[in-house]
Amino acid sequence: MHNTAASEGQPFKVLFSRAKIVQYSVAFITLILVAVPLVPILYQAVLDRPIYDDQAILTLENFSRLFSNPKFYEAFKNSFVLSAVTTVIAGIIGVSTAVFIGRTNLPGKKFFGEVVLWPMYVSHLVLAFGWFMMYGPSGYVTLLVEGWIGGKPWSLYTMAGMAIVAGAAQAPLVHLFCASSVARADASLEDAARTIGAGPFTVLRRVTIPLLRPAITYSAMLNFIGCLEMLSVPLILGTPVGKDFFTTFLYTQGYSGSNPDYGLIGAAACFLLVMISVLIFLQAKLLKKAGRFVTVKGKATRPKTFDLGRYRWAVTVVLAMYFALTLFVTVGGLGLRAFTTFLTPLMAPWELFSFDNFLLIFEYDAYRRSITNSLLVAGIGAAIAVSLVSLVTVIIHRSGFKFRKALEYAALYPRAVPGIVTGIGFFWGMLLFPFLGPLHGTIWILILAFTMRTIPTAFGAISPALIQLSKDLDQSARTVGADWWITQRKIILPLLRPALFGAYVLLFLSFLKEYASAAFLFAPGSEIIGTTMLQFWVNGDTGPVAALAVIQILLTIIFVVIARKMLGVKAYG
Amino acid sequence: MGKLVIDNLCKHFGDVKAVDNVSITVEDGEFLTLLGPSGCGKSTTLFAVAGLDRPTSGRILVDDVVFYDGAQQATMPPEKRNCGLVFQSYALWPHMTVRGNLAFPLEIRKISKSDQQKRIHDALALVEMDNYQDRYPHELSGGQQQRVALARTLVYEPRLMLLDEPLSNLDAKLRIRARRWLKDLQGRLGLTTIYVTHDQIEALTLSDRIAVMEGGKLVQLGTPEEIYSTPISPFVADFIGASNFLDGFAGDDSDGVVSIALHEGVCIRAKARPGVAKGKAVRVAVRPENIRLVNGNGVPTGSNALTASIRDRDYLGARFQYILDVCGTEIRMEAEQLLEGDKVEISFTPEDCIAFPA
Chain A
2 MHNTAASEGQ PFKVLFSRAK IVQYSVAFIT LILVAVPLVP ILYQAVLDRP IYDDQAILTL
62 ENFSRLFSNP KFYEAFKNSF VLSAVTTVIA GIIGVSTAVF IGRTNLPGKK FFGEVVLWPM
122 YVSHLVLAFG WFMMYGPSGY VTLLVEGWIG GKPWSLYTMA GMAIVAGAAQ APLVHLFCAS
182 SVARADASLE DAARTIGAGP FTVLRRVTIP LLRPAITYSA MLNFIGCLEM LSVPLILGTP
242 VGKDFFTTFL YTQGYSGSNP DYGLIGAAAC FLLVMISVLI FLQAKLLKKA GRFVTVKGKA
302 TRPKTFDLGR YRWAVTVVLA MYFALTLFVT VGGLGLRAFT TFLTPLMAPW ELFSFDNFLL
362 IFEYDAYRRS ITNSLLVAGI GAAIAVSLVS LVTVIIHRSG FKFRKALEYA ALYPRAVPGI
422 VTGIGFFWGM LLFPFLGPLH GTIWILILAF TMRTIPTAFG AISPALIQLS KDLDQSARTV
482 GADWWITQRK IILPLLRPAL FGAYVLLFLS FLKEYASAAF LFAPGSEIIG TTMLQFWVNG
542 DTGPVAALAV IQILLTIIFV VIARKMLGVK AYG
Chain B
38 MGKLVIDNLC KHFGDVKAVD NVSITVEDGE FLTLLGPSGC GKSTTLFAVA GLDRPTSGRI
98 LVDDVVFYDG AQQATMPPEK RNCGLVFQSY ALWPHMTVRG NLAFPLEIRK ISKSDQQKRI
158 HDALALVEMD NYQDRYPHEL SGGQQQRVAL ARTLVYEPRL MLLDEPLSNL DAKLRIRARR
218 WLKDLQGRLG LTTIYVTHDQ IEALTLSDRI AVMEGGKLVQ LGTPEEIYST PISPFVADFI
278 GASNFLDGFA GDDSDGVVSI ALHEGVCIRA KARPGVAKGK AVRVAVRPEN IRLVNGNGVP
338 TGSNALTASI RDRDYLGARF QYILDVCGTE IRMEAEQLLE GDKVEISFTP EDCIAFPA
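Here the protein sequences come in this chain order: A and B. If you read the first sequence in my numbering, its first letter stands for residue 2, the second for the next number, and so on. If you read the second sequence in my numbering, its first letter stands for residue 38, the second for the next number, and so on.
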């Protein structure tokens, strides 16, 4: 190194080029965004008093209190059991729908192919409410069946019940991964099995489904982690019978009276964070060796469809029943409940028809505002998030930025941060960092928290498109005289437009659905649909809950239709 | 306004020396071709000149402006170098029309709208694409895209024109037309041009000088005639054109022509490259097109004469290619007539064969 010469004889080594300014600022913003919720949690976990208390001193006592808390062990056990069972249920449903819809001559598979993804557009909270209102202890369907058989037919407030609800909600993810794997599968692998004498069902069992293993493993890992950090189902169906889970433990501790135990919550959130980080690390390790299952080779061959023969209609009926019971009844039930004063099998719903639930929502500022806030958060927030993440993505993939590997780690880390932990983290962040103080009670703190949560999602939506763009396109721009920033602005980002629209749609929908990280962050003035639903539910007002759920679903449908028509974007699949 | 000096350029990837101490001076207005098999470092060298690939050490200067200086750790970013690089893939920006593609470099240079229009028109007229201004790249054929890519580099009057295998994606017929047209254009514009290819015909027909590279090293630099007639090594002899190789031992030397004992007691005479010494093993290169059949007039005086057995004959349409066996070595020859029998008398002059130290 000739550092002395470097400082003199260099007419063109610029210390602050535009590229560096953009790269360092984006990296800095990303880092701050990811660190804001994490630092207070890690800090609070080792403080003996609330984070805002100047007298607080460092201690490890919070962890010893956490580990000696019997409720925590119960939560630990319950969370793992529920996650495991849910993952299995979601896996079985998802693989079945992917194979039957994707590869067989099932009647009506085009319709099923659409319907199977619908739960992804709906908040898990809404789905849980739907199940509760139809299949809960005093649910419409439960009472109906009770009337026929004369006894309690089932209980939704059990591990099995919750696992079915969560499993049905998470099955579309498995379907999505397996369906794309199934559709791209190399037909010659199956043809080869046929030529050596295997029948169609043997091929399905011995070749097709085993080749789905990476898709199954990957989606199972995602579902397991997703279920560990899920708040909706445990909260709606577990807390009424006193069952505690990680997330509900944090939620109830955080909301317990006027004096929440900050240290304990910090330690518990910290524990959950570390555990999920470890799981995600293991998942990444596990999937490194996935090349063994590469099913796509250069040549595109169209996979054949399996002939189900005389079972065709039987399978159709089973699938139709499944979608009817898990989706149409639950969501339909929400609709029914929204337009009635109450719901009972003893009276026809049209006799109880009323607009009261909607009138109530539109009468009060706070309720009305939760709808407009949700739209603002989704509309503005998703745009901000996509803008930020698009820059993060081009810096990671298309720049000589010194810390781009570190930036990628920072950008992907939020996968390991559950929604409820994000909420607690940002809430404490507002107490700890003075610059966040003014955001309290505004929708901006929600936008920050949601953005932080969805960086990995947006990154995942934009990255593949960017990787497909030939590097020649930026290099040619550089040689004709464009610097890095002009190249990104004029060449790369415009070429990414379809992927950016796709990411926007995806983020808009997830911002509209989000509730867990908002639970600790909203204040009068910054309510969103999810938090208002939770408040109504706590008070036992299921009518307005259903009405808000219907509104959220309607908004989703309108947005999805507009996105498809105007941008040609399908959010999923 | 375009003299390029590449001085001791190195590019290492760990232990691999992709470019190993390459020094070339390209004169103003010269057409220089970097020729070599894939992986020889020719594209790396070109990209180092363009600034897209950072070398490990060495210097690159254009008209005494430092592009890169390893000793001072100084690198000029690619956008400041004012080079015109035509990519193998053309790299036309798919979201811009032909006009947009050409306007982009002009906008960066803050050239007025009216001036832009004139320049775009001129550049496109030069490549005969002026009627396609409003087309998008995907609406053009490969040959048209290639010409637009060239126009895009010409439109801002670069210091250097750098071409990275620009004809390799064209079909054979189009390639020949594009070659002639490219040569004509370069002659008219007088732009200093560096052309990277692995196609020897392109190199021979287009270049003022050729730099042959192998394994990251510059092995020979010279005019096409020099490279073809006096290759510096068996590698060059075989890569530019084709060569047959005969192994033997050097004997007496007179006026640069050495006698060589092949196997089975056969003797021939060949031009000796430096390093050939009496009694040492040598490798003799003879081009197939220089081998003649011995006809009724007998062997020309001073020529080498050999008897070969015919191993195989391939019909090429206008001619036949013969695979011959000379003293246990396989050589190729082309002739117009169909030869019967399995023996043939051949001859070649000592000037047409070159002996390299083996």
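The C-beta atom is built at its ideal place from N, Cα and C for all residues, glycine as well.
How is residue i classed by DSSP in three states: helix, strand or coil?
i      : result
B/N58  : strand
A/C271 : helix
A/V142 : helix
B/C77  : coil
A/I52  : coil
B/I269 : coil
A/L347 : coil
B/R306 : strand
B/L197 : strand
B/K150 : helix
B/S346 : strand
Taking all protein chains shown into account, decide if residue i is buried (16 or more other Cβ within 10 angstroms of its Cβ) or exposed.
i      : result
A/G531 : buried
B/H175 : exposed
B/F50  : exposed
A/A186 : buried
B/E373 : exposed
A/R311 : exposed
A/F68  : exposed
A/L128 : buried
A/H176 : buried
A/Y53  : exposed
A/E528 : buried
For residue i, return the contacting residues in chain A, with the cut-off set at a CB-CB distance below 8 Å.
i      : result
B/S126 : S471 and D473
B/Y193 : V481 and G482
B/I145 : V481, G482, A483 and I487
B/P429 : Not covered by the structure: residue 429 of chain B. The range shown for chain B is 38 to 395.
Along chain B, in chain order, which residues have C-beta atoms closer than 9 Å to that of residue i?
i      : result
A/P499 : In chain order: nothing, as chain B lies at least about 11 Å away.
A/I468 : Going along chain B, no residue has its Cβ under 9 Å from A/I468, so there is no contact; the nearest lies around 16 Å.
A/L205 : Those do not exist, as A/L205 stays about 40 Å from chain B at its closest Cβ, beyond 9 Å.
Could you pull the DSSP bridge partners for residue i from this structure?
i      : result
B/M250 : B/L255
A/I385 : Beta-bridge pairing links A/I385 to no other residue.
A/H176 : Paired residues: none, contrary to the question.
B/Q358 : B/D351 and B/E371
A/F307 : A/T105
B/P394 : B/V319
B/G285 : B/V319
B/C47  : B/S94
B/S296 : B/R306
Give me the Cα-Cα distance between residue i and residue j, rounded to the nearest whole angstrom.
i      : j      : result
B/P311 : B/A298 : 18 Å
B/I391 : B/E371 : 19 Å
B/P92  : A/L280 : 42 Å
B/V42  : B/G78  : 17 Å
B/A345 : B/I305 : 14 Å
A/P499 : A/S124 : 25 Å
A/L337 : A/L273 : 38 Å
B/K380 : B/I347 : 6 Å
B/R189 : A/T533 : 58 Å
A/T488 : A/R479 : 7 Å
A/G438 : A/N260 : 21 Å
B/I328 : B/F385 : 5 Å
A/L283 : A/S97  : 27 Å
A/A164 : A/G239 : 11 Å
Name the chain A residues whose beta carbon is nearer than 9 Å to that of residue i?
i      : result
B/E116 : A478, R479, T480, V481, G482, A483, D484, W485, I487 and T488
At 8 Å on the CB atoms, spell out the chain B contacts of residue i, in chain order.
i     : result
A/I22 : Per Cβ cutoff of 8 Å: no residues; A/I22 is ~15 Å from chain B at best.
Run down chain B in chain order and give the residues with a C-beta less than 7 Å from the C-beta of residue i.
i      : result
A/K110 : Neighbours of A/K110 on chain B: none; closest Cβ ~34 Å, over 7 Å.
A/I492 : W130
A/P495 : H132
Nearer than 7 Å: is that true of the beta carbon of residue i relative to any heavy atom of the ligand FMN?
i      : result
B/D201 : Absence of the ligand FMN is noted for the structure shown, with no ligands found whatsoever.
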